[in-house]
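Asker:
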Amino acid sequence: MIVGAGPVGLTLAAELTRYGISVRIVDKNAQRTDKSKALVLWSRTLELLNRGLEAQAFIDAGMKMAAVNIIAGNQPIGHIDFSNIKSPYDYALMLPQSDTERLLEAHLSKLGVKVERQVEALTFTQNESDVTTTLRHPDGSDEVLHTEWLIGCDGAHSMVRHTLGLEFRGETLLTDWVLADLHMTGVQFPDSELAMFWHEDGVLAIFPISQGRYRVIADLGRSAGAHPPEPTLEQIQALVNRRGPGGLAISDPIWLSGFRINERKVDDYRSKRVFLAGDAAHVHSPAGGQGMNTGMQDAFNLAWKLALRCRGTCQTEVLLDSYSMERSAVGDQVLAAAGRLTKLAVMKNHAAQKIRNLLGRFLLGLAPVRRYMANQFSELTIAYAHSPLNGSAARGHAGPLPGERVPVMQGVMPVGAGDMPRFALFAAYGDDAIALLESYRDLLERTLRPALGNAGYVWLVRPDGYVACVAKSDKLKPIEDYLNSI
1 MIVGAGPVGL
11 TLAAELTRYG
21 ISVRIVDKNA
31 QRTDKSKALV
41 LWSRTLELLN
51 RGLEAQAFID
61 AGMKMAAVNI
71 IAGNQPIGHI
81 DFSNIKSPYD
91 YALMLPQSDT
101 ERLLEAHLSK
111 LGVKVERQVE
121 ALTFTQNESD
131 VTTTLRHPDG
141 SDEVLHTEWL
151 IGCDGAHSMV
161 RHTLGLEFRG
171 ETLLTDWVLA
181 DLHMTGVQFP
191 DSELAMFWHE
201 DGVLAIFPIS
211 QGRYRVIADL
221 GRSAGAHPPE
231 PTLEQIQALV
241 NRRGPGGLAI
251 SDPIWLSGFR
261 INERKVDDYR
271 SKRVFLAGDA
281 AHVHSPAGGQ
291 GMNTGMQDAF
301 NLAWKLALRC
311 RGTCQTEVLL
321 DSYSMERSAV
331 GDQVLAAAGR
341 LTKLAVMKNH
351 AAQKIRNLLG
361 RFLLGLAPVR
371 RYMANQFSEL
381 TIAYAHSPLN
391 GSAARGHAGP
401 LPGERVPVMQ
411 GVMPVGAGDM
421 PRFALFAAYG
431 DDAIALLESY
441 RDLLERTLRP
451 ALGNAGYVWL
461 VRPDGYVACV
471 AKSDKLKPIE
481 DYLNSI
């Protein structure tokens, strides 16, 4: 049972369905969002999408963003270029959330699963063997549904989280913000690049969406009322005139909104047979555009583990417990990074602003710092260094360590593709490695993949493309022990 049919719930439903797991997905809203909301799909999300959902459909519908520019006082602070990141998707894909949901729902429909809209999950209980959920249908009738598992993908005001009684730790930042999705002319920077202006009054960010269409975000200072009002086009134009480069004219607004930033997170994403994913588990500043991507990657992480459990291939609790341990740590990192970016952008002290600008210009003038920032934004640096699923690593190898991402190559079938969540063996050809493929047919891909480093080593890689274990090619017992343990 999946509650919530936003990008996270749809991703989870699609992944589980391709793995042969029966799902129901409900949403109390009558239709998917028609707002642009979350705008960007980062490189790591596209890599994971391409394991089963064909990333090309999303790429065709979106616009590639090549770089981020940071500007203060009309002077460049830094230019962060994505073209050198080590991924087939060396860009940020600008795609309104309405289109992301449309494509995910269309893919799910092809798999034979229909989102049940205007169906509200009212409450649930769980015991040792199942979860009992009460659903209310559009005609007012109630249905009692028994499922093995329940996943709450139902957003920041999650019914699932509230029913579990989990504390949403954190705070609401006392600053008003405005957001405008509109058309703009007079733009002097490339329409494939984001521009962020650090002004003495606050920040102004201009995101490209499509030809001539942009997202504008700006802070207004400390909150004055209960909720920031919806801005007018004239107010947005005044902000653009004051903080932008000059010469920009806005028109034809598609969406105008006021908002405040919440930074909150639960401690544990699992309660027995119930899981939380996406905004139900964590919300944070939109700085860096990490929110939707983090939630979708929650879904990718959970799906293969649940599928192995549902199919009876793996019974260990460590597999399912690792979901919360791994993704909660990522949530902490995203909260911290987004919070730092927000504080840098909105600082009001003039002396501090000057130091920020000088230090920013110096650091972003260094190529290693720019590469680091690009990899951070693209989420290629996400790793599970302290995961309970990490096995041993033989000394002397020159490839990735347990918990680290395996490089994705253009035109090569990604690990985790297909209708079964299988681990992969990366190794030079050898009889011992071939024997493992035969012994663990339910867990391993049918063929060996090329070694990731030294020829004398073998890498066991998880279905989501992270290293599980590394062994010497003539001593494969650590890998055999690892597979036996799950």
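With our numbering, letter number 341 in the sequence shown gets 341, and the count goes up by one each step, no holes.
Every residue gets a Cβ at the ideal spot worked out from N, C-alpha and C, and that includes glycine.
Between which two residues does the alpha helix (DSSP H) containing D142 stretch?
Answerer: Premise fails: D142 lies in the beta strand (DSSP E), 142–147, not in any alpha helix (DSSP H).
Asker: Which residue or residues does DSSP assign as beta-bridge partners of L276?
Answerer: L276 is bridged to G152.
Asker: Going by C-alpha to C-alpha distance, which of E193, A30, H146 sits closest to A67?
Answerer: Closest by alpha carbon: E193.
Asker: What did DSSP end up calling V187 once you bin it into helix, strand or coil?
Answerer: Note: V187 maps to coil in three-state DSSP.
Asker: What does DSSP give as the partner residues of L197 in its beta bridges?
Answerer: In the sequence as presented, Leu is not what sits at residue 197; that position holds Phe. Looking at the DSSP assignment, F197 forms a beta bridge with I71, L204.
Asker: With C-beta atoms as the reference, is V144 less than 8 Å away from V274?
Answerer: Taking 8 Å as the Cβ cut-off, V144 and V274 do not qualify as a contacting pair.
Asker: State the Cα-Cα distance for the pair N127 and S324, rounded to the nearest angstrom.
Answerer: Those two C-alpha atoms are separated by around 20 Å.
Asker: Starting from the C-beta of P407, find all residues in its chain whose C-beta is less than 7 Å away, skip the five residues before and the five after it, and write them out in chain order.
Answerer: Here the set comprises K86.
Asker: Between which two residues does the alpha helix (DSSP H) carrying E120 extend?
Answerer: No alpha helix (DSSP H) holds E120; the beta strand (DSSP E) holding it covers 120–126.
Asker: Determine the burial state of M409: buried for a count of at least 16 other Cβ atoms within 10 Å of its Cβ, exposed for fewer.
Answerer: So M409 counts as exposed.
Asker: Does the distance from the CB of R44 to the CB of I382 come in under 8 Å?
Answerer: Yes, the pair counts as a contact, with Cβ atoms nearer than the cut-off.
Asker: What does the Cβ neighbour count give for R260, buried or exposed, with the cut at 16 atoms within 10 Å?
Answerer: Exposed: under 16 other Cβ atoms inside 10 Å.
Asker: Alpha helix (DSSP H) containing K265: first to last residue?
Answerer: Here K265 belongs to no alpha helix (DSSP H); instead the beta strand (DSSP E) covers 262–265.
Asker: Quick one: grab the DSSP three-state call for A307.
Answerer: A307: helix per DSSP, three-state reduction.
Asker: Put G78 into one of helix, strand or coil per three-state DSSP.
Answerer: Three-state DSSP puts G78 in a strand.
Asker: Thinking just about the alpha-carbon of each residue, which of V458, M184, P286, D267 is nearest to the one in V203?
Answerer: Nearest option by C-alpha distance: P286.
Asker: Note the first and the last residue of the continuous alpha helix (DSSP H) segment covering F58.
Answerer: It spans 56–61 - the alpha helix (DSSP H) in which F58 sits, taken as one unbroken run.
Asker: Extract the residue ranges of the alpha helix (DSSP H) inside the segment 342–399, only unbroken runs of 4 or more that lie entirely within it.
Answerer: 350–363, 367–378, all fully within the segment 342–399.
Asker: Apart from the five residues on each side of it in sequence, which residues of its chain come closer than 7 Å, Cβ to Cβ, to E15?
Answerer: Here the set comprises G52, A299, F300, A303.
Asker: So, at 7 Å on beta carbons, what are the nonlocal neighbours of S387 in its own chain, with the 5 sequence-adjacent residues on each side left out?
Answerer: The answer, listed in chain order, is S322, M325, E326, G403.
Asker: Assuming the contact rule is C-beta atoms closer than 8 Å, L95 and L10 should be a hit. Round their C-beta distance to whole Å, please.
Answerer: Not quite, the Cβ-Cβ distance comes to about 14 Å (not below 8 Å), so this is no contact.
Asker: By Cβ distance below 6 Å, which residues in the same chain neighbour I70 in space, the five residues on each side in sequence not counted?
Answerer: Around I70: I77, G78, M196.
Asker: Let me check understanding here. Comparing Cα to Cα, which of G4, N390, L12, H284 lies closest to A307?
Answerer: Checked all of G4, N390, L12, H284; the closest Cα to A307 is L12.
Asker: Would you kindly report the start and end of the unbroken alpha helix (DSSP H) that includes I236?
Answerer: Note, I236: alpha helix (DSSP H), 233–243.
Asker: Tell me whether M413 sits in a helix, a strand or coil according to DSSP, three-state version.
Answerer: M413: coil per DSSP, three-state reduction.
Asker: To the nearest angstrom, how far is the alpha carbon of K272 from that of Q315?
Answerer: Distance between the alpha carbons of K272 and Q315 is about 14 Å.
Asker: For S473, which option in R441, M184, I434 has the closest C-alpha, if you only look at C-alpha atoms?
Answerer: Minimum Cα distance to S473 is reached at I434.
Asker: Does the distance from the CB of I206 to the CB of L233 come in under 8 Å?
Answerer: Contact flag unset, no.
Asker: Does I488 pass the burial test, meaning 16 or more other C-beta atoms within 10 Å, or should it be called exposed?
Answerer: Limits of the chain in this structure are 1 at one end and 486 at the other, which puts residue 488 out of reach.
Asker: In terms of residue numbering, what span does the beta strand (DSSP E) encompassing E171 cover?
Answerer: Run containing E171: 169–172, per the beta strand (DSSP E) assignment.
Asker: Would you decide whether T123 is buried or exposed? Buried here means 16 or more other CB atoms lie within 10 Å of its CB.
Answerer: Exposed.
Asker: Tell me whether V131 sits in a helix, a strand or coil according to DSSP, three-state version.
Answerer: In this structure, V131 counts as strand in the three-state DSSP scheme.
Asker: Taking the C-alpha atoms as reference points, what is the distance between I486 and N390?
Answerer: If you take the alpha carbons of I486 and N390, they lie about 12 Å apart.
Asker: Which same chain residues end up closer than 7 Å to T185 when comparing Cβ atoms and leaving out the 5 residues on each side of it in sequence?
Answerer: For T185, where only same-chain residues beyond five positions count, the Cβ hits under 7 Å are A249.
Asker: Buried or exposed: E101, going by 16 or more other Cβ atoms within 10 Å of its Cβ?
Answerer: The residue is buried, with at least 16 neighbouring Cβ atoms inside 10 Å.
Asker: Comparing C-alpha positions only, which one of V26, T133, I217, H107 sits nearest to L49?
Answerer: Checking every option, the nearest Cα to that of L49 belongs to H107.
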